[in-house]
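> This structure is in structure tokens; I'll ask about it shortly.
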Amino acid sequence: MSSATARLAAVREPLSAQTLRADFPGLATTVHGKPLAYLDNAASTQRPRAVMDALTTYEVEMHANVHRGVHARSDRATAAFEGARERTRGWLNALSADEIVFTRGATESINLVARCMDGRMDADSEIVLTGMEHHSNIVPWQQLCERTGAKIRVAPVLDSGALDMAALSGLIGGNTRLVAVTHVSNALGVINPVAEICELARRAGAPILIDGAQAAGHIPLDVQELGCDFYALSGHKMYAPTGIGALYARKPWLDDLPPFLGGGEMILEVRFDGTTYNDPPHKFEAGTPNISGAVGLGAAMDYLAGHGLERLAALEHGLLEYATERLQDEPGLKIIGTASPKSAVVSFVIDGIHPHDLGTVLDHEGVAIRAGHHCAMPLMDRFGVPGTSRASFAFYNTHEEVDRLVAGIGTARKLLGQA
Amino acid sequence: MSSELQNLYQRTVLEHCRSPRNFHAMDEPDRVAEGFNPLCGDKVTVYLRTPGKEDGMPSLPGVIAEISFEAAGCAICLASASMMTELIDGETADQARQQAEQVLKAFKPGAENGLGDLGEIVALGSVRAYPSRIRCVTLPWKTFTAALEGDPNTVSTE
Ligand SMILES: Cc1ncc(COP(=O)(O)O)c(C=O)c1O
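Pasting the structure below:
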């Protein structure tokens with residue numbers, strides 16, 4: 241079946257979590273003797289067999305170093321690697337594949353930009369962030385400020401978990417040298433109006449980076465339409481392996497910015513009296529890259545596109561609605577992050593039950609959630625909690641798994657003596 | 019409900035968690051230390067009254083005349099801290115230090131369960147099977163040790 245026919249077939253058959261689950265061998269396992277209900281997808285997603293198969297094929301038939309060999313395997317590896325770059329370009333609808341730099345993940349993508357911005361910052365410069373950023377979209381900017389004297393300005397978060405857009409718009413001004421905002425909050429699931437924020441940045445003449453770690457596997461993307469300068473993503477949060485991610489950067493930026501790491505691959509010519517750098521994106525990819533990771537990322541994108549990201553997102557939205565409905569009926573349970581739109585993440589606290597204890601009890605019921613501060617300590621402070629319990633869904637989760645989450649909360653109440 | 023879970027959250031543990039002993043700040047403590055678990059955001063403060071201390075820090079106290087704590091943490095962490103204060107209250111500093119060492123050693127990966135004679139703390143022994151929860155037990159003890167040694171830095175479980 242050609243991929244076009246496959247897609248048509250997929251459109252005709254209604255999608256269901258039950259059939260999709262069959263593609264994910266990791267889901268058909270048990271924990272403490274119970275079937276796994278994996279509700280920690282915002283931390284990392286499971287991988288479909290299509291990705292595992294692509295990795296095996298790569299290992300068996302292609303692996304060699306890229307851009308270096310004169311032999312057939314190296315040519316194949318290079319074609320697979322550059323094919324994944326083109327796939328990623330398509331995923332983001334970037335203008336050119338040269339605008340895609342492969343990295344280890346969203347963290348490295350953000351650090352790459354922050355490390356290359358020293359020359360554009362001085363003591364009058366301001367970097368505008370929001371109160372809901374992941375630590376990886378805070379610390380690299382703090383380090384940049386330490387090196388250059390620039391200052392961080394933080395747009396506050398409203399009680400609903402939504403970004404205070406009026407405050408943000410007041411913060412972005414003549415001194416703003418960079419805006420860095422998450423597309424989707426990993427801790428609360430709230431989706432930010434990134435197109436509007438890009439417009440604010442554009443009007444102020446400031447570049448904008450969007451941390452898309454939580455968005456890229458769930459929301460159809462078009463960086464040209466968004467109008468962002470940089471977009472960061474992580475493979476392992478979109479059904480691809482760990483250790484691979486990407487940075488989209490508009491071409492003029494990649495031409496302008498100094499290289500990130502130095503080494504092989506990023507150079508054209510090295511002499512002891514001076515080195516000339518390779519063209520972007522290679523200028524930013526020193527050393528042998530994560531070739532198999534990139535292949536896996538491309539395969540994950542193919543898998544998602546094959547089913548249609550919108551249709552998968554609709555399944556996730558159904559889970560969000562059902563989980564919200566079930567959880568908000570629980571006595572003493574408070575959902576943090578009630579704004580809309582939201583991705584399929586429900587973060588909550590329960591009177592008298594610490595998230596860690598709940599996490600352990602749920603684990604014994606086979607239900608995996610995340611408990612803690614979700615690498616967003618400033619946001620936890622904002623809501624006056626040390627941490628929350630977070631259930632985060634993917635299209636392969638079922639309503640029955642939501643029921644098991646709710647039942648597990650009941651077990652925890654009984655055990656910990658709150659019922 | 020699984021028996022492992024019931025073993026983890028034993029009656030003694032839950033009882034300490036619900037009404038923690040010596041759970042308050044101390045006015046003018048002789049020594050105080052803060053501990054933090056960056057993985058979950060739990061915080062513990064341990065206060066010590068150690069009469070007969072000499073002026074100036076590293077001179078070591080002789081007796082733990084009073085110990086109290088404050089914490090924002092899970093049941094395991096609260097129980098561990100509460101049990102710790104009961105065990106250590108009134109001990110000589112040397113004994114208390116040894117007990118802390120014994121607990122911290124018993125919760126090292128792969129260690130024997132050497133909690134033998136440590137009173138109620140034994141009820142936390144089953145946490146050893148939960149690598150992600152061991153820090154919940156050890157945080158109060160590490161914080162106590164820091165208070166005793168006069169370590170001015172916030173203690174971290176990492
Ligand atoms: C919003 C957000 N940004 C950045 C990251 C960092 O991603 P990674 O750890 O894959 O580099 C994460 C992952 O937890 C995230 O949720």
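Residue numbers (our numbering), protein chains in the order written: chain A, 241 to 659; chain B, 19 to 176.
By construction, the Cβ of each residue, glycine as well, lies at the ideal position given by its N, Cα and C atoms.
Pick helix, strand or coil for F162 (chain B), following the three-state DSSP scheme.
Helix at F162 (chain B).
> Can you tell me where the beta strand (DSSP E) with D451 (chain A) in it begins and where it stops?
That run of the beta strand (DSSP E) goes I448 to D451.
> Measure the C-alpha to C-alpha separation of S389 (chain A) and C356 (chain A) and round it to an integer number of angstroms.
The amino acid occupying residue 389 (chain A) in the given sequence is Gly; Ser does not appear at that position. Taking the straight line from one Cα to the other gives about 15 Å.
> What is the rounded straight-line gap between the Cα of K126 (chain B) and the Cα of R551 (chain A)?
Approximately 48 Å between the Cα atoms of the pair.
> With 9 Å as the threshold, decide whether the Cβ of L656 (chain A) is near any Cβ in chain D.
Here the protein chains are A and B, and chain D is not one of them.
> With a threshold of 8 Å on Cβ separation, who are the neighbours of P498 (chain A) within its own chain once the five nearest residues in sequence on each side are excluded?
Only C356 and G359 meet the Cβ criterion.
> Using a Cβ cut-off of 9 Å (strictly closer), state whether G91 (chain B) contacts chain A.
Yes, G91 (chain B) lies at the interface with chain A (some Cβ there is under 9 Å from its Cβ).
> What three-state label does DSSP hand Y488 (chain A) in the structure shown?
Reduced to three states, the DSSP call for Y488 (chain A) is strand.
> Using a C-beta cutoff of 9 Å, does R39 (chain B) count as contacting chain A?
No, its Cβ sits nowhere closer than 9 Å to a Cβ of chain A.
> Residues in the segment 261-281 of chain A with C-beta within 7 Å of chain B's C-beta atoms, listed in sequence order?
Listed in sequence order: H272.
> Does the beta carbon of M75 (chain B) come closer than 9 Å to any beta carbon on chain A?
Caution is warranted here: a pLDDT of 49 is assigned to M75 (chain B), below 50, making its placement in the model unreliable, and the coordinate value is therefore given only provisionally. Not one chain A Cβ lies under 9 Å of M75 (chain B).
> State yes or no: is the C-beta of I350 (chain A) nearer than 8 Å to some heavy atom of ligand 1?
At least one heavy atom of ligand 1 is nearer than 8 Å to the Cβ of I350 (chain A), so yes.
> Does any CB atom of chain A fall closer than 9 Å to the CB of R115 (chain B)?
Not one chain A Cβ lies under 9 Å of R115 (chain B).
> Compare the C-beta of M44 (chain B) against all C-beta atoms of chain A and say whether one is closer than 9 Å.
Taking Cβ atoms only, chain A never reaches closer than 9 Å to M44 (chain B), which makes this a no.
> How would you list, in chain order, the residues of chain A whose beta-carbon sits under 8 Å from the beta-carbon of E52 (chain B)?
Simply none; closest approach about 14 Å.
> Please report the distance separating the alpha-carbon of I82 (chain B) from that of M101 (chain B).
Between I82 (chain B) and M101 (chain B), the C-alpha separation is close to 15 Å.
> For the segment 587-652 of chain A, which segments carrying the beta strand (DSSP E) assignment without a break, of at least 3 residues, lie completely within its bounds, in sequence order?
610-612 and 628-632, all fully within the segment 587-652 of chain A.
> Is V306 (chain A) helix, strand or coil by DSSP?
Coil, per DSSP.
> Measure from the C-beta of Q120 (chain B) to each C-beta in chain A and report whether the shortest distance is under 9 Å.
Chain A, which has no Cβ nearer than 9 Å to the Cβ of Q120 (chain B), makes this no.
> I want to verify the contact list: residues of chain A whose CB lies under 8 Å from the CB of E22 (chain B), in sequence order.
Chain A residues near E22 (chain B): H272 and H604.
> Would you say D399 (chain A) reaches chain B, if we count a Cβ-Cβ gap shorter than 9 Å as a contact?
So no, D399 (chain A) is outside the interface.
> Any residue with its Cβ nearer than 5 Å to a heavy atom of ligand 1 should be included. What is that list in chain order?
Cβ-based neighbours of ligand 1 within the cut-off: A:G345, A:A346, A:T347, A:H374, A:S376, A:T422, A:N426, A:D451, A:A453, A:Q454 and A:S474.
> Find the residues of chain A that neighbour R151 (chain B), judging by a C-beta separation of less than 8 Å, and give them in chain order.
Those are H596 and T600, listed as they occur along chain A.
> For a contact meaning CB atoms closer than 7 Å, what does M101 (chain B) contact in chain A?
What M101 (chain B) touches in chain A: nothing, since even the nearest Cβ is about 17 Å away.
> Any chance the segment 359-371 of chain A sits against the segment 338-346 of chain A, with 3 or more Cβ pairs inside 8 Å?
They do not touch, by the three-pair rule.
> Report the rounded CA-to-CA distance for L602 (chain A) versus R36 (chain B), giving the unit in angstroms.
Straight-line Cα distance between these residues: approximately 21 Å.
> Could you tell me whether the Cβ atoms of V585 (chain A) and V424 (chain A) are closer together than 9 Å?
It is a contact, given that the beta carbons lie within the stated cut-off.
> In whole angstroms, what separates the C-alpha of R511 (chain A) from that of A337 (chain A)?
Whole-angstrom Cα-Cα distance: 29 Å.
> Just verifying my parser: in three-state terms, what is the DSSP assignment at G429 (chain A)?
DSSP places G429 (chain A) in coil when its eight states are reduced to three.
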